[in-house]
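Numbering (the numbering used here), first residue to last: 1 to 292.
1) Please classify residue 27 as buried or exposed, where buried requires at least 16 neighbouring CB atoms within 10 angstroms.
2) In angstroms with no decimal places, state the Cα-to-Cα distance between residue 231 and residue 48.
3) Helix, strand or coil for residue 256, going by three-state DSSP, please let me know.
4) How about the region 134-141 and the region 161-168: do they share at least three Cβ pairs that are nearer than 8 Å?
5) Span of the beta strand (DSSP E) holding residue 67?
6) Within the same chain, show all residues whose beta-carbon is closer than 7 Å to that of residue 199, passing over the 5 residues directly before and after it, in chain order.
7) On the DSSP bridge assignment, give the partners of residue 208 in chain order.
8) Can you give the beta carbon distance from residue 208 to residue 7, rounded, assuming they're within the 8 Å contact cut?
9) Is the distance from the Cβ of residue 173 to the Cβ of residue 182 below 7 Å?
10) Rounding to the nearest angstrom, what Cα-Cα distance links residue 229 and residue 261 in this structure?
11) Taking 7 Å as the limit between beta carbons, can you name the residues of its chain near residue 163, skipping five residues before and five after?
12) Would you tell me roughly how many angstroms separate the C-alpha atoms of residue 223 and residue 217, rounded to the nearest one?
13) How far does the alpha helix (DSSP H) with residue 189 in it extend, from its first residue to its last?
14) Measuring alpha carbon to alpha carbon, tell me which residue in 112, 269 and 82 is nearest residue 189.
15) Got a sec? Which residues, its chain only, sit under 6 Å from residue 191 by beta carbon, not counting five neighbours each side?
16) Could you pull out every residue in the same chain whose Cβ sits closer than 8 Å to the Cβ of residue 227, ignoring the five residues on either side in sequence?
17) So, helix, strand or coil for residue 43, using DSSP?
18) For a minimum of 4 consecutive residues, which ranges assigned as the alpha helix (DSSP H) are wholly contained in the region 8-57?
19) Kindly list the residues whose CB is nearer than 6 Å to the CB of residue 298, restricted to its own chain and excluding five residues on each side of it in sequence; keep chain order.
20) Who are the Cβ neighbours of residue 21 in its own chain at under 8 Å, not counting the five residues just before and after it?
21) In whole angstroms, what separates the C-alpha of residue 96 from that of residue 82?
22) Tell me whether residue 103 sits in a helix, a strand or coil according to DSSP, three-state version.
23) Starting from residue 143, trace the alpha helix (DSSP H) in both directions and tell me its first and last residue.
24) Which residue's Cα is closest to the Cα of residue 92: 71, 104 and 110?
25) Where does residue 244 land, buried or exposed, given buried means 16+ other C-beta within 10 angstroms?
26) Taking only three categories from DSSP, how would you classify residue 271?
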């Protein structure tokens, strides 16, 4: 079944020895990551475009089955408000040409200020996007979560254009007091919005912002699992991107979710691979019985 599971980054100081090889160089981290996960939430392109050489290195570090989901640059989505950006869109997509066969989705994140009045502008932008790619949209304006005319108009537009509406679930993050620096930082940066579950196209996208202790996510994951299985049963491509407050525990949470879906991940690499993975498997097997 087409499950694309990944994290918001392929490198983290806490991961060498588990997800990443001990002593591996930063340039080697994507290759290590891609031995376990088959997708990445590529957010770096929102802030700056990679060089052509970097794009080639990303290609060489991954296999044909890997999927990148790059975000359109903020110069397009935020600074230009989708106006006069055709050449910038073409330049961005052309830059990624070596990875076109590995582009799962191209993502557009709109700023909080982008509300219902911008829908005609969004429709014009979507109508001019190059064919042959899959697209996903994340909105943050409150009216698009109010179940009123604005949200219905947005959803109709996305369905008509076969654009996937990104579902952000930050409920776990805001269910606890910010008692650590990581939680304070995450709560300050992530939006707190309702979760509206709707597949507007063929590749539903869920960004799950989980708690560091895997079992604490149980109340929030219980309702997701049957919906994910439903989408898979309908032949959709499911994209799951798993976060935790500072993402140190994101690989373990993602691994447990994969087990619950019946798609266990390859062993994490690093020191003491066999012993460590055996221990993790035992823990996951005991947990999944009551996790969902």
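Just so it is clear, CB atoms sit at the ideal spot from N, CA and C, and this is done for glycine as well.
With the given structure in hand:
1) Here residue 27 refers to the residue found at position 27 when the chain shown is read from its first residue. Taking all protein chains shown into account, residue 27 has fewer than 16 neighbouring C-beta atoms within 10 Å of its C-beta and is therefore exposed.
2) The count along the chain shown starts at 1 and reaches residue 231 at position 231. The count along the chain shown starts at 1 and reaches residue 48 at position 48. Inter-residue distance for residue 231 and residue 48 is about 33 Å (C-alpha atoms, whole angstroms).
3) Here the question's residue 256 lines up with position 256 in the chain shown. Note: residue 256 maps to helix in three-state DSSP.
4) The region 134-141 makes contact with the region 161-168, as at least three CB pairs between them are under 8 Å.
5) Taking the first residue of the chain shown as 1, we reach residue 67 at position 67. 67-71 is the span of the beta strand (DSSP E), which, as asked, contains residue 67.
6) Sequence index remark: in the chain shown, residue 199 carries index 199 (1-based). The beta carbon of residue 199 sits closer than 7 Å to the beta carbons of 231 and 236 from its chain, once the five residues preceding and following it are set aside; these are given in chain order.
7) As a position in the chain shown, residue 208 is number 208, starting the count at 1. Per DSSP, 169 and 242.
8) Locating residue 208 in the chain shown gives position 208, where the first residue counts as 1. Locating residue 7 in the chain shown gives position 7, where the first residue counts as 1. Residue 208 to residue 7, Cβ: 11 Å. No contact.
9) Residue mapping note: residue 173 aligns to position 173 of the chain shown, counting from 1. Residue mapping note: residue 182 aligns to position 182 of the chain shown, counting from 1. Cβ distance not < 7 Å, so residue 173 and residue 182 don't count as in contact.
10) Translated into the one-based positions of the chain shown, residue 229 becomes position 229. Translated into the one-based positions of the chain shown, residue 261 becomes position 261. Taking the straight line from one Cα to the other gives about 8 Å.
11) Start at 1 with the first residue of the chain shown, and residue 163 comes out as number 163. By the criterion of a C-beta distance shorter than 7 Å, residue 163 is surrounded in its chain by 126, 135, 136, 137, 200 and 201, once the five residues flanking it on both sides are discounted.
12) Position 223 of the chain shown, counted from the first residue, corresponds to residue 223. Position 217 of the chain shown, counted from the first residue, corresponds to residue 217. The alpha-carbon separation between residue 223 and residue 217 amounts to approximately 11 Å.
13) Taking the chain shown and counting its residues from 1, the one referred to as residue 189 is at position 189. That run of the alpha helix (DSSP H) goes 181-189.
14) Taking the chain shown and counting its residues from 1, the one referred to as residue 189 is at position 189. Measuring C-alpha to C-alpha distances from residue 189 to each of 112, 269 and 82 identifies 112 as the nearest.
15) Within the chain shown, residue 191 is the residue found at index 191, counting from 1. Counting only residues of its own chain and dropping the five nearest sequence neighbours on each side, residue 191 has a CB closer than 6 Å to the CB of 140.
16) What you label residue 227 is simply residue 227 of the chain shown in a count that begins at 1. Exclusion of the five residues before and after residue 227 leaves 197 as the residues of its chain whose Cβ lies within less than 8 Å of its Cβ.
17) Position 43 of the chain shown, counting from 1, holds the residue named residue 43. In the structure shown, the three-state DSSP call for residue 43 is coil.
18) Counting only runs of 4 or more residues that sit fully inside the region 8-57, the alpha helix (DSSP H) segments are 29-34 and 44-47, in chain order.
19) A question about residue 298 goes unanswered here, because the residues of the chain that appear run from 1 up to 292.
20) Numbered from its first residue, the chain shown carries residue 21 at position 21. Close CB contacts of residue 21 within its chain, under the 8 Å cut and outside five residues either way in sequence, are with 28, 32, 269 and 270 (chain order).
21) For the purposes of this step, residue 96 is taken as the residue at position 96 of the chain shown. For the purposes of this step, residue 82 is taken as the residue at position 82 of the chain shown. Spanning the two alpha carbons is a distance of roughly 20 Å.
22) Counting from one through the chain shown, the residue named residue 103 turns up at place 103. Note: residue 103 maps to strand in three-state DSSP.
23) Along the chain shown, one-based indexing puts residue 143 at 143. It is not in any alpha helix (DSSP H) - residue 143 carries neither H nor E in the DSSP assignment.
24) In the chain shown, residue 92 corresponds to position 92, counting from 1. The candidate whose alpha carbon is nearest that of residue 92 is 71.
25) One-based indexing of the chain shown puts residue 244 at position 244. Around the beta-carbon of residue 244, 16 or more other beta-carbon atoms lie within 10 Å, marking it buried.
26) Position 271 of the chain shown, counted from the first residue, corresponds to residue 271. With a pLDDT of 41 at residue 271, under the threshold of 50, the modelled position of that residue is not reliable, and the figure given next carries that caveat. DSSP places residue 271 in the coil class of the three-state scheme, outside both helix and strand.
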